[in-house]
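Engineer:
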Amino acid sequence: MEQNSYFCNHMSNNNPHTRQSLASLAMRAYRYCTHDVWNIEGSGKLHKIVKAANLAIRCFFNQEVQERACALTYRTVLALVPALAMLFAIARGFGFQNLIHGQLIGYLPSQRKALEQALTFVDRYLEHASEGAFVGIGLLVLLYTLVMLMGNVESTFNKIWGLEHGRPLYRKVTDYTALFVFIPVLMICSAGISLMLTSMGQHLLPLALSPVLHFMLDCVPLVLVWLMFTFAFWLIPHTKVSFRYALISGVVFGSLFFLLQWVFVRGQILVSGYNAIYGSFAFLPLLLFWMQLSWMLVLLGTVMTYSLQNIYGFNYSHHEDVNTISTAYLDEITIMSLALIVKRFENGQPPMGKAQLSGDEYNIPIHLANRIIDRLLKTGLITEVRTDDGDEAFLPAFTIEQMTLHNVKQRLSTLGSNRFLTVADRKFAGSYDLIANAPGDTLVKDLL
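Numbering (my numbering), first residue to last: 254 to 701.
Structure (structure tokens):
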């Protein structure tokens, strides 16, 4: 009893040594989670979990997810009528326009009049887009609006992934057009299949299996949302994304989106107060709020996919050191990475990719490998190719016999904008030459 009493008194918060120990422990834990974990290259589960959480939080704030979600909400509002027009045009081709109309009314039960007015705008849009000589122009304007929306989505995804280059224009047109045609067809087919299964279940299946069938049909929308989010995280970024990590993020944030959608639909009964203020446009602020939260979930899912893939799929360490790397050290690592690419080409080996640079042999952090490859591409020293598996790899951009160290250093040193200060460059022209050719013991004061 006396020992227990002593232990309790010793661990009491009133003991200054205990408070100091707890404060020290908390500071060490905080430093480990925010700083030291990046300098540990071990593969322990705890390290990876802390790194993934740290990276996700950093990306959430550094990539300005909230602002990007606002921008995408604005773009979505601009493309809303063309998107609905595309959806209803394809639905009419299948004879399912009434089904789509009923689903939209189900999402906004208390705003039937406003939605009917919005669908009137869609009908007028389709009429003008299909009139005489304007049919081609109307279709091009519709596709242009939707392609620009998806272009902004891809650009936002690429920025989260740290990518500076997106799809070329022709790929955007072909890929996005196929996407906008495929999604409405998938929605219509899934709705038709659900109706068919329901009808068959009522007549062919035993009564005992009806609850099971209804439960399965209720799960279909959730599964479709999972697939939609998974394919978005997997296919939209202009880089190779692991399907496994995209699926994890798709299930997590698809479920959150489904919950948000359920809350939004159920919340329509609470908008009577907004009707008194906004009238028939009461759904507009709620729609904007829902879009904002939806894009937030999409971008957070992208951040999660990026974090999981970089922490669990590659070496992602020395986060702060990479951000503050010196120019000389960056040039050295860049030149040696180029040497590896050239040597593999000379030996007839398969082209090197970022995974090889970030692998166990060289252990270059993947975010530094991305930066190195971007520099080599911009300087025209390497070119991108695709392997048989669809992975990106890199080869020398010109004959390796002409790729001298002096040439490489000169290209790296002049990377970016140069000599654009007209007045200053004219005054400093002689000094520039002196900087390039002067011996190392030249005094700075002698440059002028």
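Glycine included, each C-beta is placed from N, C-alpha and C at the ideal position.
Leaving out five residues on either side along the sequence, give the residues of the same chain with a beta carbon under 8 Å from the beta carbon of VAL426.
Structural biologist: Along the sequence shown, read from residue 1 onward, the residue named residue 426 stands at position 173. The beta carbon of VAL426 sits closer than 8 Å to the beta carbons of LEU396 and VAL400 from its chain, once the five residues preceding and following it are set aside; these are given in chain order.
Engineer: Kindly confirm or deny that the region 505-516 and the region 566-578 touch, where touching means at least three C-beta pairs closer than 8 Å.
Structural biologist: no
Engineer: Give the range of the beta strand (DSSP E) segment to which PHE647 is assigned.
Structural biologist: Along the sequence shown, one-based indexing puts residue 647 at 394. Run containing PHE647: 645-649, per the beta strand (DSSP E) assignment.
Engineer: So, helix, strand or coil for ARG420, using DSSP?
Structural biologist: Sequence index remark: in the sequence shown, residue 420 carries index 167 (1-based). Reduced to three states, the DSSP call for ARG420 is coil.
Engineer: For VAL638, which beta-bridge partners are listed by DSSP?
Structural biologist: Numbered from 1 along the sequence shown, position 385 holds the residue referred to as residue 638. Beta-bridge pairing links VAL638 to ALA646.
Engineer: As a quick exercise: from ALA324, LYS298, GLU369 and LEU477, pick the residue whose alpha carbon is nearest that of GLY404.
Structural biologist: For this step, residue 404 is matched to residue 151 along the sequence shown. If we check each option's Cα against that of GLY404, ALA324 comes out closest.
Engineer: Rounding to the nearest angstrom, what Cα-Cα distance links ARG284 and ASN307 in this structure?
Structural biologist: Within the sequence shown, numbered from 1, the residue matching residue 284 stands at position 31. Within the sequence shown, numbered from 1, the residue matching residue 307 stands at position 54. Taking the straight line from one Cα to the other gives about 12 Å.
Engineer: Whose CA, out of PHE410, ILE564 and ASN576, lies closest to the CA of LYS301?
Structural biologist: As a working mapping, residue 301 is identified with position 48 in the sequence shown. When each option's Cα is compared against that of LYS301, the closest is ILE564.
Engineer: Pull the bridge partners of MET549 from the DSSP assignment, please.
Structural biologist: Counting from one through the sequence shown, the residue named residue 549 turns up at place 296. DSSP output for MET549 lists no bridge partner at all.
Engineer: At the level of alpha carbons, what is the spacing between LEU546 and VAL334?
Structural biologist: Position 293 of the sequence shown, counted from the start, is the residue given in the question as residue 546. Position 81 of the sequence shown, counted from the start, is the residue given in the question as residue 334. Those two C-alpha atoms are separated by around 20 Å.
Engineer: How would you write the range of the alpha helix (DSSP H) that ASP627 sits in, first residue to last?
Structural biologist: As a working note, residue 627 is residue 374 in the sequence shown. 619-631 is the span of the alpha helix (DSSP H), which, as asked, contains ASP627.
Engineer: Check MET605 in the structure and name its three-state DSSP category.
Structural biologist: Numbered from 1 along the sequence shown, position 352 holds the residue referred to as residue 605. If DSSP states are grouped into helix, strand and coil, MET605 belongs with the strands.
Engineer: With burial defined as no fewer than 16 other Cβ atoms inside 10 Å of the residue's Cβ, what is the status of ALA646: buried or exposed?
Structural biologist: Walking along the sequence shown from the start, residue 646 turns up at place 393. Its Cβ being crowded by 16 or more others within 10 Å, ALA646 is buried.
Engineer: Please classify TRP291: is it buried, with 16 or more other beta-carbons within 10 angstroms of its beta-carbon, or exposed?
Structural biologist: Counting from one through the sequence shown, the residue named residue 291 turns up at place 38. That one is buried.
Engineer: Rounded C-beta distance between GLU417 and ASP627? I'm assuming under 8 Å.
Structural biologist: In the sequence shown, the residue the question calls residue 417 occupies position 164. In the sequence shown, the residue the question calls residue 627 occupies position 374. Going by Cβ atoms, the distance from GLU417 to ASP627 rounds to 6 Å, so yes, they are a contact pair.
Engineer: Assign SER590 to buried or exposed, taking buried as 16 or more other Cβ atoms, counted over all protein chains shown, within 10 Å of its Cβ.
Structural biologist: Taking the first residue of the sequence shown as position 1, residue 590 is located at position 337. By the 10 Å Cβ count, SER590 comes out buried.
Engineer: Express the C-alpha separation of VAL473 and TRP479 in angstroms, rounding to a whole number.
Structural biologist: Position 226 of the sequence shown, counting from 1, holds the residue named residue 479. Position 220 of the sequence shown, counting from 1, holds the residue named residue 473. Their Cα atoms are separated by approximately 10 Å.
Engineer: What number of angstroms, rounded off, separates the C-alpha of GLY683 from the C-alpha of TYR582?
Structural biologist: Indexing the sequence shown from 1 puts residue 683 at position 430. Indexing the sequence shown from 1 puts residue 582 at position 329. Each residue's alpha carbon lies about 29 Å from the other.
Engineer: Roughly how many angstroms separate the alpha carbons of SER274 and ARG639, rounded to a whole number?
Structural biologist: As a position in the sequence shown, residue 274 is number 21, starting the count at 1. As a position in the sequence shown, residue 639 is number 386, starting the count at 1. Roughly 55 Å between the two C-alpha positions.
Engineer: Just tell me which of ALA622, SER611, ILE594 and PRO603 has its CA closest to the CA of ASN576.
Structural biologist: Locating residue 576 in the sequence shown gives position 323, counting from the first residue. Nearest option by C-alpha distance: ALA622.
Engineer: Looking at the secondary structure, which residues open and close the alpha helix (DSSP H) in which MET589 lies?
Structural biologist: Translated into the one-based positions of the sequence shown, residue 589 becomes position 336. Here the alpha helix (DSSP H) through MET589 covers 580-599.
Engineer: Just to confirm my understanding: we take THR409, look at its own chain, exclude 5 residues before and 5 after, and list those with CB closer than 6 Å. What are they?
Structural biologist: The sequence position of residue 409 within the sequence shown is 156, counting from 1. Within the same chain, THR409 has close Cβ partners ARG321.
Engineer: Return the CA-CA distance between LEU629 and ILE413, expressed in angstroms with no decimal places.
Structural biologist: What you label residue 629 is simply residue 376 of the sequence shown in a count that begins at 1. What you label residue 413 is simply residue 160 of the sequence shown in a count that begins at 1. Rounded to the nearest angstrom, the gap between the Cα atoms of LEU629 and ILE413 is 21 Å.
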